[in-house]
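Quick note: to get our numbering, add 275 to the position in the sequence shown (first position is 1).
For each residue, glycine too, the CB sits at the ideal point set by N, CA and C.
Given the structure is predicted, the values throughout are model-derived calculations rather than measurements.
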Amino acid sequence: MNGKIFKMKVAIIGQGYVGLTIAAFASEYHEVIGYDSNQKIVDNLNSGVSHIEGVESSLLKRRVESKRYLASNLGASIADVDLAVIAVPTPLTKDRKPDLSHLESACRTIGENVREPILVINESTSFPGTLRNFIKPTIEKYSVHGVEHIYSISPERVDPGRSDFDQKNTPRLFAGLTSEASQRTRVFYSKFCDNLVEVSSPEVAEAAKLFENTFRQVNIALVNEFAQIAHALGISVYETLDAANTKPYGFMKFTPSAGVGGHCIPVDPTYLAAVAEEHGAPATFIRRANEVNLEMSRYVVNRIAADHAGSLQGLSVLVIGVAYKPDVSDVRETAAELVIRHLRDAGAVVSWHDEIVGVWKGEKSSPLSSADIAVVVTKHSNVDAKKILASATYVFDTTGKVPGANGL
Ligand SMILES: NC(=O)c1ccc[n+]([C@@H]2O[C@H](COP(=O)([O-])OP(=O)(O)OC[C@H]3O[C@@H](n4cnc5c(N)ncnc54)[C@H](O)[C@@H]3O)[C@@H](O)[C@H]2O)c1
Numbered sequence: 276m277n278g279k280i281f282k283m284k285v286a287i288i289g290q291g292y293v294g295l296t297i298a299a300f301a302s303e304y305h306e307v308i309g310y311d312s313n314q315k316i317v318d319n320l321n322s323g324v325s326h327i328e329g330v331e332s333s334l335l336k337r338r339v340e341s342k343r344y345l346a347s348n349l350g351a352s353i354a355d356v357d358l359a360v361i362a363v364p365t366p367l368t369k370d371r372k373p374d375l376s377h378l379e380s381a382c383r384t385i386g387e388n389v390r391e392p393i394l395v396i397n398e399s400t401s402f403p404g405t406l407r408n409f410i411k412p413t414i415e416k417y418s419v420h421g422v423e424h425i426y427s428i429s430p431e432r433v434d435p436g437r438s439d440f441d442q443k444n445t446p447r448l449f450a451g452l453t454s455e456a457s458q459r460t461r462v463f464y465s466k467f468c469d470n471l472v473e474v475s476s477p478e479v480a481e482a483a484k485l486f487e488n489t490f491r492q493v494n495i496a497l498v499n500e501f502a503q504i505a506h507a508l509g510i511s512v513y514e515t516l517d518a519a520n521t522k523p524y525g526f527m528k529f530t531p532s533a534g535v536g537g538h539c540i541p542v543d544p545t546y547l548a549a550v551a552e553e554h555g556a557p558a559t560f561i562r563r564a565n566e567v568n569l570e571m572s573r574y575v576v577n578r579i580a581a582d583h584a585g586s587l588q589g590l591s592v593l594v595i596g597v598a599y600k601p602d603v604s605d606v607r608e609t610a611a612e613l614v615i616r617h618l619r620d621a622g623a624v625v626s627w628h629d630e631i632v633g634v635w636k637g638e639k640s641s642p643l644s645s646a647d648i649a650v651v652v653t654k655h656s657n658v659d660a661k662k663i664l665a666s667a668t669y670v671f672d673t674t675g676k677v678p679g680a681n682g683l
């Protein structure tokens with residue numbers, strides 16, 4: 276096709292961080308239906324209001340006005356699309372097992388509504404075999420029009436809030452279940468991604484995505500464990516890491532924290548561990564890394580208590596930054612949640628400050644002032660380190676970004 280892209284009608288199932296970001300890029304070239312089961316999200320998007328960092332409301336508004344983008348929660352709206360991208364959540368169940376229920380419901384929407392054979396691309400993160408053994412058969416199970424679609428995977432690597440790497444310059448893995456699916460996937464993404472990397476099977480692409488995030492998870496756990504060792508030895512973890520980082524090869528610097536958050540790092544490795552164990556392979560390292568990261572919140576609270584004669588009873592504590600990482604409003608799996616729980620269990624009177632998040636679990640962000648103790652879990656770039664230091668009698672920083680504070 277000489278790189279030429281023909282205008283298509285594209286359904287993107289799920290209009291969250293991944294789906295809306297793809298919709299913003301794809302709607303420059305194609306007509307996009309942003310299908311989402313959440314009515315409020317659909318209404319906001321159709322009024323040109325974006326809820327995702329990196330997708331400007333002004334751009335969305337232009338796309339809606341020019342009829343290149345329409346959000347919908349009606350199955351009929353995707354009946355005549357040429358291509359569907361799946362971008363729905365793949366969380367964990369309460370007992371921390373892979374939860375494919377959103378994926379199943381997305382497959383049902385496609386199966387019940389799409390009338391002609393199309394290319395279905397999965398961007399949701401899941402374990403190897405999901406495209407072949409779950410998505411394809413589930414869509415076929417629900418298909419009322421008896422059509423045979425073709426399938427591919429292209430795991431998403433978007434890092435919300437990041438400006439140096441986006442859809443255009445982040446290499447994108449992909450693989451089809453058939454060569455036609457691979458070829459059409461390449462054509463679809465080539466307009467808005469400069470570097471497409473085809474791998475030999477969907478399972479390799481699915482596994483690579485999980486391994487990338489598992490790599491981060493175990494390295495974060497390692498540095499979190501090392502922070503505890505450094506403290507016990509009476510040396511600075513940050514100075515030690517900077518010293519190690521002078522080695523020009525074979526070392527990659529990760530920094531300690533109160534734990535990991537977001538939809539990916541605390542979740543994806545568990546998908547890999549689950550599929551490993553199902554196939555009789557060990558995942559002890561992955562499981563332990565998850566535990567070390569989860570235990571960091573308790574370690575942080577214990578350190579603060581130790582600096583207060585072992586008791587936090589009745590003390591006012593301000594948790595600063597409850598988003599899971601700087602400069603985003605996403606609180607999914609945030610380490611702040613466990614920090615707050617352990618502080619409350621220890622008898623502290625806890626409030627939190629995060630103007631980017633604003634409201635969380637029915638509580639409002641408190642002013643940055645007058646607590647006995649402040650704990651920095653996430654430091655947004657617009658929160659001044661000096662104001663943090665002035666906000667409490669004692670400040671414990673888990674980010675390494677507040678000079679002069681106590682910390683890891
Ligand atoms: N957020 C990231 O940084 C990131 C990066 C790479 C990969 N991923 C993966 O991408 C997938 C999507 O993640 P996200 O962060 O965009 O999730 P999200 O929670 O931001 O958005 C998902 C959207 O899907 C909608 N939805 C849920 N079930 C639906 C259904 N059956 N039909 C239609 N809409 C439905 C929800 O209302 C929501 O708006 C996950 O598998 C995630 O692991 C996320």
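- C-alpha of Ile287 to C-alpha of Ala556: approximately 35 Å in a straight line.
- For Gln492, the Cβ stays outside the 6 Å cut-off from all heavy atoms of ligand 1.
- For the region 557-624, the continuous beta strand (DSSP E) assignments of 3+ residues that do not extend past its boundaries occur at 591-595, in sequence order.
- About 6 Å separates the beta carbons of Thr545 and Arg371, which is inside the 8 Å limit, making them a contact pair.
- In its chain, beyond the 5 residues on either side, Val597, Ala598, Tyr599, Val632, Trp635 have a beta carbon closer than 7 Å to the beta carbon of Val606.
- Ser401 and Lys369 have their alpha carbons spaced roughly 17 Å apart.
- His628 sits in a strand when the DSSP states are folded into three classes.
- Burial state of Arg563 is exposed, judged by a 10 Å Cβ sphere holding fewer than 16 other Cβ atoms.
- Pairing Ser626 with Val670, the inter-Cα distance amounts to about 14 Å.
- For Gly536, same chain residues with a beta-carbon under 6 Å away, outside a window of 5 residues either side, are Tyr599, Glu608, Thr609, Ala610 in chain order.
- In this structure, ligand 1 has no non-hydrogen atom nearer than 6 Å to the beta-carbon of Glu481.
- By a beta-carbon distance limit of 8 Å, Phe467 contacts Phe300. Their separation comes to about 4 Å.
- Taking 7 Å as the cut-off, the beta carbon of Glu328 is found closer than this to the beta carbon of Val603.
- The closest heavy atom of ligand 1 lies 6 Å or more from the beta carbon of Gly585.
- Between ligand 1 and the CB of Val433, the shortest heavy atom gap is smaller than 6 Å.
- For the pair of segments examined, the region 565-577 was found not to touch the region 404-420: the number of CB pairs separated by less than 8 Å stays below three.
- Among the bridge pairs identified by DSSP, Glu306 is matched with Lys284.
- Look at Asn444 here: in three-state DSSP terms it is coil, with no helix or strand label.
- Under a 10 Å Cβ-count criterion, Ala623 is classified as buried, with 16 or more other Cβ atoms of the shown protein chains found around its own Cβ.
- Each residue's CA atom was taken as its position, placing Asp620 and Leu587 some 9 Å apart.
- Its chain contains Ser572 as the residues whose beta carbon lies nearer than 6 Å to that of Leu613, once the 5 sequence neighbours on both sides are disregarded; these appear in chain order.
- Looking at the DSSP output, Tyr669 bridges to Ile648.
- Under the three-state reduction of DSSP output, Pro366 falls in the coil class, being neither helix nor strand.
- Between the C-alpha atoms of Leu497 and Glu552 there is a straight-line separation of about 22 Å.
- Look at Lys639 here: in three-state DSSP terms it is strand.
- Going by DSSP, Asn397 is part of the beta strand (DSSP E) stretching over 394-397.
- Inter-residue distance for Ile504 and Ala483 is about 31 Å (C-alpha atoms, whole angstroms).
- Rounded to the nearest angstrom, the gap between the Cα atoms of Ala518 and Ser640 is 38 Å.
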